[in-house]
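Written out below as structure tokens is the structure these notes cover.
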Amino acid sequence: MSGPADDDAKLDPESLVIIAHATRTRGLKGEVVADLLTDFPERFADLSRLFAVPPNGKPWLIELEHHWFQKGRVVLKFVGFDSIEAAAELVGHDFAVPESESVALTEDEYYDWELEGCGVSLVTGQQVGAVKSVMRTGGVHLLVVTGANGKECLIPMAGSIVVSIDTKAQRIVIDPPEGLLDL
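Going by my numbering, -5 is the number at position 6 of the sequence shown; the sequence numbering is gapless.
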């Protein structure tokens, strides 16, 4: 019922985009409740298969029988998982799609995973550090940047501060106001 399939042997886990995380079972018919990790929950309507990504293991393809939304989460029912015991095997798993199937964004929009790991430098060329993560606070997005000394700073994703982003080259250039990097 569970486990990696042989035809997935060439799958690169780095090329997967995680869209949900199973937190618990629901009911007696093999359903799992998952936290949504996508800004596009409507994408579940077009999905028939997902990759199940175990905490410490190889991703494997799993067939989605149906889904629905409940209290800001998604309830997932997978083919062959027809009991609470079977569904319990999926708790703790992430569910992902191949990067090639990620929702297309506009030119000035980026996925968090595209920004994470990018080097950050000033317009003068001085290195600031690398993006550790993206923090969302209300309508503001902040780059959490870790410097060579291990110190973290927060860079607002404002057009007046972030001069350019090149995800292919993994480079972000900023022109921060005086004192921002000292906070």
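Ideal Cβ positions, reconstructed from N, Cα and C, are used throughout, including at glycine.
As the structure is a computational prediction, the values presented were derived from the model and not from experiment.
Where residue i falls: helix, strand or coil (DSSP)
{"i": "Pro(-7)", "result": "With a pLDDT of 45 at Pro(-7), under the threshold of 50, the predicted position of this residue should be treated as unreliable, though the coordinate-derived value follows. Reduced to three states, the DSSP call for Pro(-7) is coil."}
{"i": "Glu98", "result": "coil"}
{"i": "Ser4", "result": "helix"}
{"i": "Glu52", "result": "strand"}
{"i": "Asp164", "result": "coil"}
{"i": "Pro145", "result": "strand"}
{"i": "Ser91", "result": "coil"}
{"i": "Leu36", "result": "coil"}
{"i": "Ala(-2)", "result": "With a pLDDT of only 40 at Ala(-2), under the threshold of 50, the placement of this residue in the model should not be trusted; the figure read from the coordinates follows. If DSSP states are grouped into helix, strand and coil, Ala(-2) belongs with coil."}
{"i": "Gly19", "result": "coil"}
Boundaries (first-last residue) of the alpha helix (DSSP H) holding residue i
{"i": "Ala75", "result": "73 to 77"}
{"i": "Leu104", "result": "101 to 104"}
DSSP beta-bridge partners of residue i
{"i": "Arg62", "result": "Asp24, Gln59"}
{"i": "Leu132", "result": "Val123, Ile144"}
{"i": "Gly118", "result": "Val109"}
{"i": "Glu67", "result": "It is worth fixing the name first, because residue 67 is Phe in this sequence and not Glu. Phe67 pairs with Leu53."}
{"i": "Asp171", "result": "Answer by DSSP bridge pairing: none, since Asp171 is not bridged."}
{"i": "His10", "result": "Asp24, Asp83"}
Integer-rounded CB distance, given that residue j should sit under 8 Å from residue i
{"i": "Tyr99", "j": "Thr156", "result": "6 Å"}
{"i": "Glu88", "j": "Ser149", "result": "Not a contact, Cβ separation roughly 31 Å."}
{"i": "Phe58", "j": "Gly19", "result": "Not really, about 18 Å apart at Cβ, beyond 8 Å."}
{"i": "Glu105", "j": "Val120", "result": "5 Å"}
{"i": "Thr27", "j": "Ile51", "result": "No, Thr27 and Ile51 are not in contact; Cβ-Cβ is about 17 Å, not under 8 Å."}
{"i": "Leu111", "j": "Ile163", "result": "6 Å"}
{"i": "Leu53", "j": "Leu36", "result": "6 Å"}
Span of the beta strand (DSSP E), counted from its first residue to its last, around residue i
{"i": "Ile150", "result": "It is not in any beta strand (DSSP E) - Ile150 carries neither H nor E in the DSSP assignment."}
{"i": "Gly108", "result": "108 to 111"}
Min CB distance residue i to chain D below 8 Å
{"i": "Glu90", "result": "Within the model displayed, chain D is absent; a lone protein chain is all it includes."}
Open item on the list: I'd like to know if the segment 28 to 44 and the segment 75 to 93 are in contact, where contact means that at least 3 CB-CB pairs between them fall below 8 Å.
Closed with: Counting Cβ pairs under 8 Å, three or more are found: they touch.
Task: Given 8 Å, three or more beta-carbon pairs between the segment 109 to 118 and the segment 61 to 75 - done: Too few Cβ pairs lie closer than 8 Å, so no.
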